[in-house]
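Numbering-wise, my numbering comes out as the position in the sequence shown, counting from 1, plus 4. Ideal placement from N, C-alpha and C gives every residue a C-beta, glycine not left out.
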Amino acid sequence: ERSLEAINENNKKIANLNTQLKETKKKNEHLQHELILIQKEKLELCNKKIIADINEQELKLASFQQSSIFFLLQRAAASETIVFTDEDWERFTFHFNFIYPNFTERLYRLQPQLTSIELRICYLTKLSFSPANIAICSSIAFSFCAFCFNVYRMLTDHIALKFSRRSQLKCV
Numbered sequence: 005e006r007s008l009e010a011i012n013e014n015n016k017k018i019a020n021l022n023t024q025l026k027e028t029k030k031k032n033e034h035l036q037h038e039l040i041l042i043q044k045e046k047l048e049l050c051n052k053k054i055i056a057d058i059n060e061q062e063l064k065l066a067s068f069q070q071s072s073i074f075f076l077l078q079r080a081a082a083s084e085t086i087v088f089t090d091e092d093w094e095r096f097t098f099h100f101n102f103i104y105p106n107f108t109e110r111l112y113r114l115q116p117q118l119t120s121i122e123l124r125i126c127y128l129t130k131l132s133f134s135p136a137n138i139a140i141c142s143s144i145a146f147s148f149c150a151f152c153f154n155v156y157r158m159l160t161d162h163i164a165l166k167f168s169r170r171s172q173l174k175c176v
């Protein structure tokens, strides 16, 4: 979502730059025309990078969703009789961090006192698991899981706002 917002913002800027290009071309302002053309190309490259990053992440996620550890996690989330061990969580975390680099680090920067259970809830929330399924596979009370689920959503909304502002500045 954040990436698509950045692309939309860039496309608006590109449209504006196209208008300016036409105007400067009419006025024969060659240097200004060249500058605007370079700004436009830079934004187009930024959009291509964002799209490539999204595609790469989607491929990584699709691959992960076909892995044995993900299937085990899904079975554990659907049944209280299947236990997801600490070793399973370590394997899961390794794969998760490959798909979403810096996710854990960013969460700890925003909330340094996150417990391992809260971190797991954030991981599963990111993967769109429901609070009920998260509670089952994490062996925790649903009310605690729902609370953490809402805290995660607030944190990610905060991150999205910061990301949107930063990506607009980075690509210009």
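- About 6 Å separates the beta carbons of I18 and K44, which is inside the 8 Å limit, making them a contact pair.
- In this structure, L128 lies near I138, with their beta-carbon atoms less than 8 Å apart.
- By the neighbour-count criterion, in which a residue is buried when 16 or more other Cβ atoms sit within 10 angstroms of its Cβ, N14 is buried.
- By the CB criterion at 8 Å, I40 and S7 fall outside the cutoff.
- Between T85 and L21, the alpha-carbon positions lie close to 60 Å from each other.
- The segment 89-106 makes contact with the segment 61-70; the number of CB pairs closer than 8 Å reaches 3 or more.
- Our two residues, E91 and S132, have alpha carbons roughly 22 Å apart in a direct line.
- Within a 10 Å sphere around the beta-carbon of I140 sit 16 or more other beta-carbons, which makes this residue buried.
- Taking C-beta separations shorter than 8 Å and ignoring five residues to either side along the sequence, E94 has no partners in its chain.
- Residue environment analysis places S142 among the buried positions, since at least 16 neighbouring C-beta atoms fall within 10 angstroms of its C-beta.
- Residue burial annotation: A81 is buried, with at least 16 other C-beta atoms found within 10 angstroms of its C-beta.
- In the three-state DSSP reduction, T89 falls in the coil class, being neither helix nor strand.
- In the displayed model, F75 falls within a helix according to three-state DSSP.
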